[in-house]
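Worksheet: one structure, shown below.
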Amino acid sequence: MRMRNKPWAAPELDACGFFVRDPAQYIGKWHSFFRRRQPIHLELGCGKGLFIAGLAPQNPQINYMGIDLKDTVLGPAKRNIEQAFRERNAEPDNVVLMAQDIERILTVMNAEDRVERIYIHFCNPWPKAKHHKRRLTYPRQLENYKQILEKGGEIHFKTDDDVLFDDSLVYFEESGFTILSVTYDLHGGGQQENVLTEHEKMFMEKGIKIKALVARWTGE
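The structure is reproduced here in structure tokens:
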């Protein structure tokens, strides 16, 4: 779905203390970007930021990073996060948003920036075979993530797309990840999460089952 232009987004983002326009300047230094050195959870493709907005204020002991490419989604993400912290009379000091092409994640993060967890939610399924390499769960991308995951770190993946999910199970296993959990109906079995993404809410309202897995990188 094409996002409408938001002329206000760029100036608001550039004035925001937790937004980084040029993330490459912090490569190898992300842990020191935050006020407190503590585990980092990274969301790839954070969209309008509702997931981080729901988690970050509740978990001050974790630092959250959200990556997306366009101001049209990062602008609303910034507002949603600010509102969530305002409701708790808190400052968003455990959040950073950055504008970055996820396929080039290693140009802005390296082994000094290792994270405890990566979230991948409802990414583009790229159904045509010639485009599969663009999937965020494709093996070459998983190899990149290994470079920034702590030993024992996890990837939490959700999608509405059956084919992408089945293919991703193979990708993770072939890339040496240990699959900790798999479900083809995340909410149908009584499992309820505290924080939903905007796409998750939309698909649930349409009766579309959410597929999800958790994979661990053991570092071996």
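If you use this note's numbering, the sequence shown corresponds to residues 42 to 261, in order.
Even glycine gets a Cβ: it sits at the ideal position worked out from N, Cα and C.
This one's a predicted model, so the numbers in the text were calculated from it and none came from an experiment.
In the displayed model, F74 falls within a helix according to three-state DSSP. For N100 and H82, the gap between their C-alpha atoms comes out near 11 Å. Pairing Y67 with L237, the inter-Cα distance amounts to about 29 Å. Remark: three or more beta-carbon pairs, one from each stretch, lie closer than 8 Å, so the region 213 to 230 and the region 239 to 252 are flagged as touching. Take P64, set aside five residues on each side of it, and the residues of its chain with a beta-carbon closer than 7 Å to its own are M139, Q141, V149, in chain order. Using a 10 angstroms sphere on the CB of N121, the tally of other CB atoms reaches 16 or more, which defines it as buried. Between the beta-carbon of E191 and that of R155 there is about 5 Å, and that keeps the pair under the 8 Å contact cut. When rounded, the separation of the alpha-carbon atoms in D207 and K199 is 12 Å.
Every beta strand (DSSP E) stretch that sits fully inside the region 134 to 199 and reaches 3 residues is listed by chain position as 136 to 140, 156 to 162.
Ranked by Cα distance from H240, the first of V137, N130, I161 is I161.
G69 and P80 have their alpha carbons spaced roughly 15 Å apart. The beta-carbon separation of G107 and C87, rounded to 3 Å, stays under the 8 Å limit for a contact. Taking C-alpha positions only, R175 is separated from I143 by approximately 10 Å. Looking only at W258, E246, R45, the smallest Cα-Cα distance to L115 is reached by R45.
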